[in-house]
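This report concerns only the one structure given below.
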Ligand SMILES: [Zn+2]
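In my numbering, the protein residues as written are 84 to 407.
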């Protein structure tokens with residue numbers, strides 16, 4: 084992708100799709116792309132893509148990782164998610180490999196294989212394994228994933244995020260043309276900058292506004308400083324965990340506003356973090372935060388943040404998009 088803000092490159096297959104009549108057509112799961120487009124053309128409802136969900140299933144075929152001492156007591160399957168998507172008018176989602184399986188991405192891979200019309204997937208690899216880049220190649224080329232997520236802790240020195248295994252993994256992402264997703268506290272954003280400087284061609288996604296506490300607005304500058312990387316995107320999720328208020332978490336909107344002012348709508352991505360979000364609100368409510376509840380966004384802003392921006396990072400079957 085040469086220019087992340089160029090609509091021409093990736094709107095080719097999408098220009099008639101915006102907002103979700105696309106959803107209805109696409110969710111049928113059986114209609115052709117032409118049928119999708121024609122259904123969407125008659126709708127004014129925008130395309131909605133959920134940029135962040137997790138799926139898992141208690142199933143001997145997909146055992147939890149040995150490190151998972153307290154596995155979830157309920158399933159969060161792809162089939163449950165598809166039902167929720169249908170009811171909320173969400174046409175596509177990005178599945179992030181859940182930590183309960185650690186580096187065993189097989190359940191998510193099976194979901195990608197069964198439902199390519201709905202999902203894109205982001206894998207996990209062990210960042211302390213020198214073979215991680217090769218695992219990422221296999222996950223990308225054979226298992227259908229599009230990108231990897233790493234999760235450095237808040238400890239700012241001496242960990243693997245500073246170590247010699249990071250540049251090869253970031254470079255492999257760049258070579259594979261898939262995005263690098265980073266889940267990390269705001270304190271680690273200077274480290275993200277150091278790596279981003281080494282790989283200016285790499286698409287990078289920062290999860291959940293780096294979970295910057297709302298009562299530490301100065302800290303957010305560490306994330307705002309990353310605006311100078313044109314291929315760096317930010318998910319505006321976790322308003323619910325950061326907020327001290329009930330739904331729709333209005334006290335979080337100033338932080339979203341500052342990110343909007345810095346990055347613009349074409350580099351912000353909405354996501355629900357289902358099923359974890361259900362501790363705070365329903366899936367449909369979470370989708371509606373960016374789609375309806377953030378008052379300062381224009382309809383065009385919402386089109387990008389709730390759908391079109393995600394297409395720049397994760398091209399979806401039937402929707403065009405550019406490879407990251
Ligand atoms: Zn999550």
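We put the beta carbon where it would ideally sit given N, CA and C, even for glycine.
Three-state class that DSSP yields for residue i in the structure shown
i	result
residue 250	helix
residue 137	coil
residue 147	coil
residue 117	Residue confidence for residue 117 is low, a pLDDT of 40 falling below 50, so the modelled location carries little weight and cannot support an answer.
residue 300	helix
residue 129	strand
residue 112	Because the pLDDT at residue 112 is just 40, under 50, the model does not fix this residue reliably, and the point stays unresolved.
residue 102	Summary for residue 102: the model assigns pLDDT 37, below 50, so the residue's position carries little reliability, and this model does not support an answer.
residue 85	Reliability of the predicted coordinates at residue 85 is poor, the pLDDT of 38 falling under 50, and the value obtained from them is presented with this limitation in mind. DSSP places residue 85 in coil when its eight states are reduced to three.
residue 93	Low local confidence applies: a pLDDT of 39 at residue 93 is under 50, so the model's placement there is unreliable, and no value is given.
residue 295	coil
residue 123	Annotation note: pLDDT 41 at residue 123 (below 50); position unreliable, coordinate value reported separately. If DSSP states are grouped into helix, strand and coil, residue 123 belongs with the helices.
residue 107	Note that residue 107 scores 38 on pLDDT, short of 50, meaning its location in the model is unreliable; the coordinates nonetheless yield the value given after this. Reduced to three states, the DSSP call for residue 107 is helix.
Rounded distance between the beta-carbons of residue j and residue i, thought under 8 Å
i	j	result
residue 230	residue 263	7 Å
residue 326	residue 297	7 Å
residue 198	residue 161	6 Å
residue 355	residue 366	6 Å
residue 392	residue 316	7 Å
residue 329	residue 388	Incorrect: roughly 22 Å between the Cβ atoms, too far for contact.
residue 306	residue 292	7 Å
residue 385	residue 129	7 Å
residue 338	residue 377	With 8 Å as the limit, residue 338 and residue 377 do not qualify as a contact, their Cβ atoms being about 11 Å apart.
residue 353	residue 319	6 Å
residue 207	residue 188	7 Å
residue 341	residue 303	6 Å
residue 164	residue 397	Actually they are not in contact, since the Cβ atoms of residue 164 and residue 397 sit about 16 Å apart, beyond 8 Å.
Pair within 7 Å by beta-carbon distance, residue i and residue j
i	j	result
residue 311	residue 284	no
residue 268	residue 294	yes
residue 372	residue 331	yes
residue 252	residue 192	no
residue 137	residue 179	yes
residue 223	residue 259	yes
residue 134	residue 173	no
residue 37	residue 190	Shown here, the chain extends from 84 to 407; a query on residue 37 therefore has no answer.
residue 400	residue 225	no
residue 211	residue 243	yes
residue 151	residue 390	no
residue 228	residue 204	yes
residue 265	residue 233	yes
residue 235	residue 271	yes
residue 323	residue 379	no
Where the beta strand (DSSP E) through residue i begins and ends
i	result
residue 263	263-265
residue 289	287-289
Range covered by the alpha helix (DSSP H) that runs through residue i
i	result
residue 311	From DSSP, residue 311 is part of no alpha helix (DSSP H); its letter is neither H nor E.
residue 360	No alpha helix (DSSP H) holds residue 360; DSSP gives it neither H nor E.
residue 273	272-281
Residue-chain proximity (residue i, chain B), Cβ-Cβ < 7 Å
i	result
residue 306	Absent here is chain B; the protein component of the structure consists of one chain.
(request) Enumerate, from N- to C-terminal direction, the unbroken alpha helix (DSSP H) stretches of 4 or more residues contained entirely within the segment 159-235. (result) 161-171, 189-197 and 215-224
(request) Jot down the residue ranges of each uninterrupted beta strand (DSSP E) in the segment 314-341, minimum 3 residues, whole runs only, in chain order. (result) 315-318
(message) Give the list of continuous alpha helix (DSSP H) stretches no shorter than 4 residues that lie fully inside the segment 366-406.
(response) 366-371, 382-386 and 392-396
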